[in-house]
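Asks: Would you mind keeping the following structure in view while I ask a few things?
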Amino acid sequence: MTGPVPTRVRPYDPHEIEPKWQEVWEREGLFLAVEEDDGRPRFYCLDMFPYPSGDLHMGHAEAFAIGDAIARFRWMQGYNVLHPIGWDAFGLPAENAAIQRGVHPKEWTYRNIERQRQSFRRYGVSFDWTRQFNTCDPEYYRWTQWLFLQFYKAGLAYRKLAPANWCPTDQTVLANEQVVGGACERCGTPVVRKDLVQWFFRITAYADRLVRDLDRLGRGWERAATMQRNWIGRSEGAEVRFRIEETGDEVPVFTTRPDTLWGVTFFAFAPEHPLVPKLAEVGGTAEPVRELLDRVQREAAAAREAGPSREGVALGVSAVNPVNGERVPCFVAPYVLMEYGTGAIMGVPAHDQRDFEFAREHGLEVRVVIQPPDRELDGASMGEAWTGEGRMVRSGPFDGARSPQSIPEVTAWLEREGKGAPAVSYRLRDWLISRQRYWGCPIPIVHCPSCGEVPVPEEDLPVLLPDDVDFSPRGESPLAKHEGFVRTACPRCGGEARRETDTMDTFVDSSWYFLRYTSPRDDRRAFDPEAVRRWMPVDQYTGGIEHAILHLLYARFFTKVLYDLGYVDFEEPFTNLLNQGMVLMGGAAMSKSRGNLVEFADELAKYGADVVRATMLFAGPPEDDVDWATVSPSGVQKWLGRVWRAVHEAAAASAGQEAAGPSGDGAGEGLRRLAHRVTREVTDHFERFRFNLAISRLMVLTGELQRAVDGGSAPGPALRDAAERLVLMLWPIAPHLSEELWREVLGHPESPVRTGWPAFDPRLAREEEVVLVAQVDGRVRDRIMVRADATEEEVRELALASPKVARFLEGRRVQRVVVRAPKLVNVVTRGS
RNA sequence: GCGAGAGUGGCGGAAGCGGCAGACGCGCCGGACUUAGGAUCCGGUGCCCGAAAGGGCGUGGGGGUUCGACUCCCCCCUCUCGCACCA
Numbered sequence: 013m014t015g016p017v018p019t020r021v022r023p024y025d026p027h028e029i030e031p032k033w034q035e036v037w038e039r040e041g042l043f044l045a046v047e048e049d050d051g052r053p054r055f056y057c058l059d060m061f062p063y064p065s066g067d068l069h070m071g072h073a074e075a076f077a078i079g080d081a082i083a084r085f086r087w088m089q090g091y092n093v094l095h096p097i098g099w100d101a102f103g104l105p106a107e108n109a110a111i112q113r114g115v116h117p118k119e120w121t122y123r124n125i126e127r128q129r130q131s132f133r134r135y136g137v138s139f140d141w142t143r144q145f146n147t148c149d150p151e152y153y154r155w156t157q158w159l160f161l162q163f164y165k166a167g168l169a170y171r172k173l174a175p176a177n178w179c180p181t182d183q184t185v186l187a188n189e190q191v192v193g194g195a196c197e198r199c200g201t202p203v204v205r206k207d208l209v210q211w212f213f214r215i216t217a218y219a220d221r222l223v224r225d226l227d228r229l230g231r232g233w234e235r236a237a238t239m240q241r242n243w244i245g246r247s248e249g250a251e252v253r254f255r256i257e258e259t260g261d262e263v264p265v266f267t268t269r270p271d272t273l274w275g276v277t278f279f280a281f282a283p284e285h286p287l288v289p290k291l292a293e294v295g296g297t298a299e300p301v302r303e304l305l306d307r308v309q310r311e312a313a314a315a316r317e318a319g320p321s322r323e324g325v326a327l328g329v330s331a332v333n334p335v336n337g338e339r340v341p342c343f344v345a346p347y348v349l350m351e352y353g354t355g356a357i358m359g360v361p362a363h364d365q366r367d368f369e370f371a372r373e374h375g376l377e378v379r380v381v382i383q384p385p386d387r388e389l390d391g392a393s394m395g396e397a398w399t400g401e402g403r404m405v406r407s408g409p410f411d412g413a414r415s416p417q418s419i420p421e422v423t424a425w426l427e428r429e430g431k432g433a434p435a436v437s438y439r440l441r442d443w444l445i446s447r448q449r450y451w452g453c454p455i456p457i458v459h460c461p462s463c464g465e466v467p468v469p470e471e472d473l474p475v476l477l478p479d480d481v482d483f484s485p486r487g488e489s490p491l492a493k494h495e496g497f498v499r500t501a502c503p504r505c506g507g508e509a510r511r512e513t514d515t516m517d518t519f520v521d522s523s524w525y526f527l528r529y530t531s532p533r534d535d536r537r538a539f540d541p542e543a544v545r546r547w548m549p550v551d552q553y554t555g556g557i558e559h560a561i562l563h564l565l566y567a568r569f570f571t572k573v574l575y576d577l578g579y580v581d582f583e584e585p586f587t588n589l590l591n592q593g594m595v596l597m598g599g600a601a602m603s604k605s606r607g608n609l610v611e612f613a614d615e616l617a618k619y620g621a622d623v624v625r626a627t628m629l630f631a632g633p634p635e636d637d638v639d640w641a642t643v644s645p646s647g648v649q650k651w652l653g654r655v656w657r658a659v660h661e662a663a664a665a666s667a668g669q670e671a672a673g674p675s676g677d678g679a680g681e682g683l684r685r686l687a688h689r690v691t692r693e694v695t696d697h698f699e700r701f702r703f704n705l706a707i708s709r710l711m712v713l714t715g716e717l718q719r720a721v722d723g724g725s726a727p728g729p730a731l732r733d734a735a736e737r738l739v740l741m742l743w744p745i746a747p748h749l750s751e752e753l754w755r756e757v758l759g760h761p762e763s764p765v766r767t768g769w770p771a772f773d774p775r776l777a778r779e780e781e782v783v784l785v786a787q788v789d790g791r792v793r794d795r796i797m798v799r800a801d802a803t804e805e806e807v808r809e810l811a812l813a814s815p816k817v818a819r820f821l822e823g824r825r826v827q828r829v830v831v832r833a834p835k836l837v838n839v840v841t842r843g844s
């Protein structure tokens, strides 16, 4: 082809152009969301706000490349976009880092925020900086406290003594959601159980709605919705009351299989069940039961994680089965969990594997009451429990009924007979929000010796977090030792009282921040209902899947509570969700200890913002993980360099001409058609977040533009049209380069966003010619160019006329010809 | 164990619908230009047979539906993620 082109064009240097445009954007106020209705539709584009634990890392580089591409695309499409940023700034890591370095958590946090802020600017993200806030600012957490009080008033915040997950390293309790595989989510230390008085949010009251409304969510929620559904763990069944023969106590159990009630041969309590001490006393088994309890308490979490244990101690009392009056022995068994159901179970060895194992261990009867369709089971010889379907036997009025289809009838019967009732059980526990740590939002409650628990009056908020606190962890809140903080007057009686010293889980802070962005400077309320109505719900939420059952569940819960309290008029905060994958290095998550850490700042210094962004977007679908070791930015870097040259040369070759002018035919017409087709494709890829495909099409357009310039065969208008489209569509991907080429090279005075996303002419975008594939018996034998509007008959004739096809038809009889005009003809010779 | 998702060249990944498998890029091979190239440009690149023309095979494995299967159905294997004694 052509030889080397003398490089008249100055080289592409991101470091020269990027800071320039960042300043221009700021000066022009290009990314400010407009409050007034200016006729444009609104679009709330939200990225999960960062935690300031250092500088931004490669994970942020990916997440915000995606979020910014979406925001900029919507902007160009003419939306009034709200794209805010802030910091999730309270939390344990700040405190731990501060302890290690001897810096105050506040100082450490604000320093990191400033660093991240600078990095975001250097990355050129299109944030509306005027809306920034940090959750550790008193102007923010004042309203977190206010929300707590609303929850409190509504009976949704309460304090109780409960066994809690305690992390011995971090010296604080954790929510269930923060315990991963029995260990602290943050530091990996196995948690232990500790009975403590703690603050909870009554999320279980919303369990049903939180499950139900998962079906109403928009795009991208599928994975997170499934995880939430599992986490909430809704099971339908029945509650059945057993009576303790010796004491007359009524003990309810929850079961999903009331149809197996006739197969009950024992009864078991969780070790922590409140009735256990009394029953052991009555049964004369106090000693062995206490021994078991002590051991369970000691071994706690570790033993439970060790695997299924079928140990247990007989209580020496009997429970009466309400369906048949039979008396069965009672046990205390650690495999029965206090935190699920009622803390007591009916034991049906024949039809529950755990009960089966327990019965074997303790020599209890295995009584079959559901017979499988194909054989006859005998309890004495079974190897495992039968949990499949079958026919009910030895089941009184239900003999012969089909199980599990009979469950609704059995439940109805139980209710009629007054022996039980339909019931729903959830795996979800109430959200434990107390933390015995310093760097968090103080809980606005005062404990008064005479009035008890008293909420701080709203006008006294915020309860300020004092700076001069010894925050080394000692197992109780550091605030407890700050007398100036603790001692206060009771808001009700004025007497001497003490402040609550626990702080709130940071997930409380992040459960409403998206509302605050709509009116971040409002100092009279948490958020302006008008502004919320204008912007909410969030149209597009981007963030990591690791928050599927933490932040995303809590934020949904908060929104529903605020809906019930009349503060918002929608029940779901985030319409569409995009969970981007992780950034790996050599197949593993980056970490300093693993020695595979790639610093964002280094990559930025090496390649510039546009190359890093485009590399992230080109690596694959946003949901997939990106392995930085395998996605070398060099390909993208070369491409942007080619864009630079091609646009420069196209601009020079079309100087003074309009894109709309005549394209001529031949190369000019072909280029113009390609430009329109690529516009159509890229638009579609953007709508579906397929940035990798969008970029691949833009690469093709770049190549063809350069070829047309080199060939000198396309007239100026066609060159200009292709160059302008390319540069406009580049804006969400490599915004700095796009600005430079648009304004400085193509000579437009204003940013590409003012021109907007390019439209395409469907007539030009349509393919004129397509490849007709001619098959014989499903195998490709020839490819023929045909007009895109060729008829079935024409296509058929063309295919049959092909010598290559004819060769394979020799000696065979054509049975049928399948025609899918204009792309495919399949000549079938085999019998069908 | 339960739930969800995924297996395509040496690598990242394409192929809404059943219709040209491997777009685009990396890497690699060859060439051009060069004092030089880890810059740039051009060409090639799934595997096998063949000098070529051409042919055969190919989307984790096995079956099936269909004129036609990466795509739909059944069974199996592997991997990733979430939950994990949930009654």
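Following our numbering, the numbering of the first sequence begins with 13 at its first residue and continues without gaps.
We put the CB at the ideal spot given by N, CA and C, even for glycine.
Quantities reported herein were computed from a predicted structural model and do not represent experimental measurements.
1. Starting from residue 795, trace the beta strand (DSSP E) in both directions and tell me its first and last residue.
2. Rounding to the nearest angstrom, what Cα-Cα distance links residue 16 and residue 142 in this structure?
3. Where does the unbroken beta strand (DSSP E) through residue 239 begin, and where does it stop?
4. Can you have a look at residue 70 and say buried or exposed, based on whether 16 or more other CB atoms are within 10 angstroms of its CB?
5. Are there 16 or more other CB atoms within 10 angstroms of the CB of residue 18, so buried, or fewer, so exposed?
6. Quick check on residue 559: does DSSP put it in helix, strand or coil?
7. Checking 7 Å against the spacing of the C-beta atoms, do residue 817 and residue 800 come in under that value?
8. Starting from the Cα of residue 764, find the closest Cα among 776, 756, 743 and 175 and give me that residue.
9. Do residue 788 and residue 839 have their beta-carbon atoms positioned less than 7 Å apart in this structure?
10. With residue 459 as the anchor, note down where its beta strand (DSSP E) starts and where it stops.
11. Starting from residue 205, trace the beta strand (DSSP E) in both directions and tell me its first and last residue.
12. Whole alpha helix (DSSP H) runs in the region 638-674 with 4 or more residues, listed along the chain?
13. Please state the DSSP three-state secondary structure of residue 52.
14. What is the DSSP secondary structure of residue 19, counted as helix, strand or coil?
15. Going by alpha carbons, who is nearest to residue 714 out of 701, 727, 475 and 733?
16. Quick one, which of 357, 304, 372 and 255 has its alpha-carbon nearest residue 336's?
17. When the distance is taken between beta carbons, is residue 397 closer than 7 Å to residue 380?
18. Within the same chain, show all residues whose beta-carbon is closer than 7 Å to that of residue 325, passing over the 5 residues directly before and after it, in chain order.
19. Comparing C-alpha positions only, which one of 107, 79 and 65 sits nearest to residue 699?
20. If we require 3 or more residues per run, which beta strand (DSSP E) segments fall completely within the region 276-360?
21. Can at least three beta-carbon pairs, one atom from the region 232-239 and one from the region 550-566, be found at a separation below 8 Å?
22. With a threshold of 16 other CB atoms inside 10 Å of the CB of residue 803, please say whether the residue is buried or exposed.
23. Just to confirm, are residue 245 and residue 267 a CB contact at a threshold of 7 Å?
24. Less than 8 Å between the CB atoms is what I'm expecting for residue 640 and residue 609, so what's the real figure, rounded?
25. Taking the straight line between their C-alpha atoms, what separation do you get for residue 82 and residue 420?
26. When DSSP builds the beta bridges, which residues end up paired with residue 88?
27. Within 10 Å of its beta-carbon, does residue 487 have 16 or more other beta-carbons around it, so buried, or fewer, so exposed?
28. Inspect the CB distances between the region 202-220 and the region 425-445 and report whether three or more fall short of 8 Å.
29. Going by the CB atoms, is the gap between residue 546 and residue 188 shorter than 7 Å?
30. Among residues of its own chain, excluding the 5 on either side of residue 184, which ones have a beta-carbon nearer than 8 Å to its beta-carbon?
31. Touching or not, the region 378-393 and the region 401-411, by the rule of three or more beta carbon pairs under 8 Å?
32. Using DSSP with H/G/I as helix, E/B as strand and the rest coil, what is residue 177?
33. If contact is defined by three or more beta carbon pairs under 8 Å, each pair taking one atom from either stretch, is the region 29-37 in contact with the region 110-121?
34. For residue 620, is the classification buried or exposed, using 16 other Cβ atoms within 10 angstroms of its Cβ as the cut-off for buried?
35. For residue 628, report the span of its alpha helix (DSSP H) as first-last.
36. Identify the continuous alpha helix (DSSP H) that holds residue 706 and give its terminal residues.
Replies: Working from what's here:
1. For the purposes of this step, residue 795 is identified with residue 783 of the first sequence, where counting begins at 1. Residues 791-799.
2. As a working mapping, residue 16 is identified with position 4 in the first sequence. As a working mapping, residue 142 is identified with position 130 in the first sequence. Any reading at residue 16 needs caution, since the residue's pLDDT is 33, under 50, leaving its predicted position unreliable; the model's value is listed next. In a straight line, the C-alpha of residue 16 is about 49 Å away from that of residue 142.
3. Position 227 of the first sequence holds residue 239. Not the beta strand (DSSP E): residue 239 falls in the alpha helix (DSSP H), residues 234-244.
4. For the purposes of this step, residue 70 is taken as the residue at position 58 of the first sequence. With 16 or more other Cβ atoms within 10 Å, it is buried.
5. The residue given as residue 18 occupies position 6 in the first sequence. Confidence is the limiting factor: at residue 18 the pLDDT is only 42, short of 50, which leaves the residue's position unreliable, though a coordinate-based value still follows. With fewer than 16 Cβ atoms within 10 Å of its Cβ, residue 18 is classed as exposed.
6. Residue mapping note: residue 559 aligns to position 547 of the first sequence, counting from 1. DSSP places residue 559 in helix when its eight states are reduced to three.
7. Taking the first sequence and counting its residues from 1, the one referred to as residue 817 is at position 805. Taking the first sequence and counting its residues from 1, the one referred to as residue 800 is at position 788. With respect to residue 800, residue 817 sits apart: the two C-beta atoms are not nearer than 7 Å.
8. Position 752 of the first sequence, counting from 1, holds the residue named residue 764. If we check each option's Cα against that of residue 764, 743 comes out closest.
9. Mapped onto the first sequence, residue 839 falls at position 827. Mapped onto the first sequence, residue 788 falls at position 776. Yes, Cβ-Cβ distance for residue 839 and residue 788 is below 7 Å.
10. Position 447 of the first sequence holds residue 459. First-last of the beta strand (DSSP E) with residue 459: 457-460.
11. In the first sequence, the residue the question calls residue 205 occupies position 193. Counting along the chain, the beta strand (DSSP E) containing residue 205 begins and ends at 204-213.
12. If we require 4 residues or more, the alpha helix (DSSP H) runs fully inside the region 638-674 come out as 646-665.
13. As a working note, residue 52 is residue 40 in the first sequence. Of the three classes helix, strand and coil, the one that applies to residue 52 here is coil, per DSSP.
14. As a first step, residue 19 is located in the first sequence; it is residue number 7 there, counting from the start. Note that residue 19 has pLDDT 45, beneath the 50 cutoff, so the model's placement of it is unreliable and no number is given.
15. Numbered from 1 along the first sequence, position 702 holds the residue referred to as residue 714. For the residues 701, 727, 475 and 733, the minimum Cα distance to residue 714 belongs to 733.
16. Stepping through the first sequence from its first residue, residue 336 is reached at position 324. Here the closest residue by C-alpha is 255.
17. Taking the first sequence and counting its residues from 1, the one referred to as residue 380 is at position 368. Taking the first sequence and counting its residues from 1, the one referred to as residue 397 is at position 385. Judged by beta-carbon spacing, residue 397 lies beyond the 7 Å limit of residue 380, meaning their Cβ atoms are not closer than that value.
18. Sequence index remark: in the first sequence, residue 325 carries index 313 (1-based). Same-chain partners within the cutoff: 297, 300, 301, 304, 343 and 344.
19. Your numbering for residue 699 matches position 687 in the first sequence. Among 107, 79 and 65, the Cα nearest to that of residue 699 is on 79.
20. As far as the region 276-360 is concerned, its whole beta strand (DSSP E) runs of at least 3 residues are 278-281, 325-332, 339-344 and 356-359.
21. Three or more pairs of CB atoms, one per stretch, sit closer than 8 Å, so the region 232-239 contacts the region 550-566.
22. To locate residue 803, count along the first sequence from 1; it is residue 791. That one is exposed.
23. By one-based count along the first sequence, residue 245 stands at place 233. By one-based count along the first sequence, residue 267 stands at place 255. It is not a contact, given that the beta carbons lie outside the stated cut-off.
24. Locating residue 640 in the first sequence gives position 628, where the first residue counts as 1. Locating residue 609 in the first sequence gives position 597, where the first residue counts as 1. No, residue 640 and residue 609 are not in contact; Cβ-Cβ is about 10 Å, not under 8 Å.
25. Residue 82 sits at position 70 when you count from the first residue of the first sequence. Residue 420 sits at position 408 when you count from the first residue of the first sequence. Residue 82 and residue 420: Cα-Cα distance of roughly 49 Å.
26. Residue numbering aside, residue 88 sits at position 76 when the first sequence is read from its first letter. Answer is none; residue 88 lacks a bridge partner.
27. Taking the first sequence and counting its residues from 1, the one referred to as residue 487 is at position 475. Classification for residue 487: exposed.
28. Result yes; three or more Cβ-Cβ pairs closer than 8 Å.
29. What you label residue 188 is simply residue 176 of the first sequence in a count that begins at 1. What you label residue 546 is simply residue 534 of the first sequence in a count that begins at 1. Between residue 188 and residue 546, the C-beta gap is not smaller than 7 Å, which leaves the two residues out of contact.
30. In the first sequence, counting from the first residue as 1, residue 184 sits at position 172. Correct list, in chain order: 104, 178, 447, 448, 449 and 485.
31. Taking 8 Å as the limit for Cβ pairs, the verdict is that the region 401-411 does touch the region 378-393.
32. Within the first sequence, numbered from 1, the residue matching residue 177 stands at position 165. Residue 177 falls in the strand class under three-state DSSP.
33. Contact fails: fewer than three Cβ-Cβ distances are below 8 Å.
34. Here residue 620 refers to the residue found at position 608 of the first sequence. Per the 10 Å Cβ criterion, buried.
35. As a working note, residue 628 is residue 616 in the first sequence. Under the DSSP assignment, residue 628 falls in the alpha helix (DSSP H) whose first and last residues are 621-630.
36. As a working note, residue 706 is residue 694 in the first sequence. That run of the alpha helix (DSSP H) goes 703-723.
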